Amino acid sequence: MLEISSRAEPGETGLVQMLRRSNTILYTDRWAETVEFYRDALLLTVAFENEWFVEFALGSGAFVSVADAARSSIAPGRGDGITLSLQVDDVHAVRSELVSAGVEVGDAGVRWGADALDVHDPAGNRIEFWSEREVDRR
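Have a look at this one:
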């Protein structure tokens, strides 16, 4: 079994303590559709935008951005190896909101001891919404 331990000594400042914000950038060849999905279906707040890049605020210094791969030097990922994992208060309420917004979703299930729901954006990126199980919150 792989043993994982920290290199930082107690009281020492590491990289994580220096981080001020985090931004996951999704490069896509379906830019307009993907921006529309995050803005209109997920109702994320636009923090910055220009003609080929839109940054959405997730809260607490976390952002997800959608970049037009045709206007950048990075090829589109098309969802390969990417999961945006977002903890929410209630997966079932999120599912209802997504259905109301016309997003194709399956049923919520249990994964790793949490209620979880997966959707995919138009670029193929998997978005996992999860919340603590109701029985675990008592």
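First residue of the sequence shown? That's -2 in our numbering, and the numbers climb one at a time after it.
Heads up, the beta-carbon is just placed ideally off N, CA and C, and yes, glycines get one too.
Here the structure is a predicted model, which is why all the values come from computation and not from measurement.
Residues bridged to residue i [DSSP beta-bridge criterion]
{"i": "Trp109", "result": "DSSP, once it has assigned bridges, lists no residue as partnering Trp109."}
{"i": "Thr10", "result": "In the DSSP output, where bridge partners are listed per residue, Thr10 has none listed."}
{"i": "Asp115", "result": "Glu125"}
Nearest-angstrom Cβ-Cβ length linking residue i and residue j, presumed shorter than 8 angstroms
{"i": "Ser100", "j": "Leu114", "result": "A small correction: the amino acid at residue 100 is Val; Ser does not occupy that position in the sequence shown. Their Cβ separation, rounded to whole angstroms, is 10 angstroms, which puts Val100 and Leu114 out of contact at 8 angstroms."}
{"i": "Ser128", "j": "Ala111", "result": "6 angstroms"}
{"i": "Thr25", "j": "Ala66", "result": "6 angstroms"}
{"i": "Thr21", "j": "Leu95", "result": "Not quite, the Cβ-Cβ distance comes to about 20 angstroms (not below 8 angstroms), so this is no contact."}
{"i": "Ala64", "j": "Trp49", "result": "7 angstroms"}
Residue of the options minimising C-alpha distance to residue i
{"i": "Ile124", "options": "Asn47, Val91, Arg130 and Glu131", "result": "Val91"}
{"i": "Asp86", "options": "Leu12, Arg130, Gly11 and Arg18", "result": "Arg130"}
{"i": "Arg108", "options": "Phe126, Gln14, Phe45 and Met(-2)", "result": "Phe126"}
{"i": "Val116", "options": "Phe34, Arg27 and Val43", "result": "Phe34"}
Chain-order list of residues whose beta-carbon lies under 6 angstroms from that of residue i (same chain, five-residue window excluded)
{"i": "Ala38", "result": "Ala98 and Val100"}
{"i": "Asn122", "result": "Leu23, Gly76 and Ile79"}
Own chain, CB closer than 8 angstroms to residue i, minus 5 neighbours either side, in chain order
{"i": "Leu55", "result": "Leu41, Val61 and Leu83"}
{"i": "Glu9", "result": "none"}
Residue interval of the beta strand (DSSP E) (run including residue i)
{"i": "Glu125", "result": "Arg123 to Glu129"}
{"i": "Ile71", "result": "Here Ile71 belongs to no beta strand (DSSP E), and DSSP marks it neither H nor E."}
{"i": "Ser19", "result": "Ser19 to Thr25"}
{"i": "Val100", "result": "Element bounds for Val100: n/a, residue is neither H nor E."}
{"i": "Ser82", "result": "Thr80 to Gln84"}
{"i": "Leu39", "result": "First-last for Leu39: undefined, no H or E at that position."}
Host alpha helix (DSSP H) of residue i (start-end)
{"i": "Ala29", "result": "Trp28 to Glu33"}
{"i": "Val91", "result": "Val88 to Ser97"}
Same chain, Cβ closer than 7 angstroms to residue i, five either side skipped, listed in chain order
{"i": "Ala105", "result": "Val88, His89, Arg92, Asp112, Ala113 and Leu114"}
{"i": "Gly58", "result": "Arg17, Arg18 and Ser19"}
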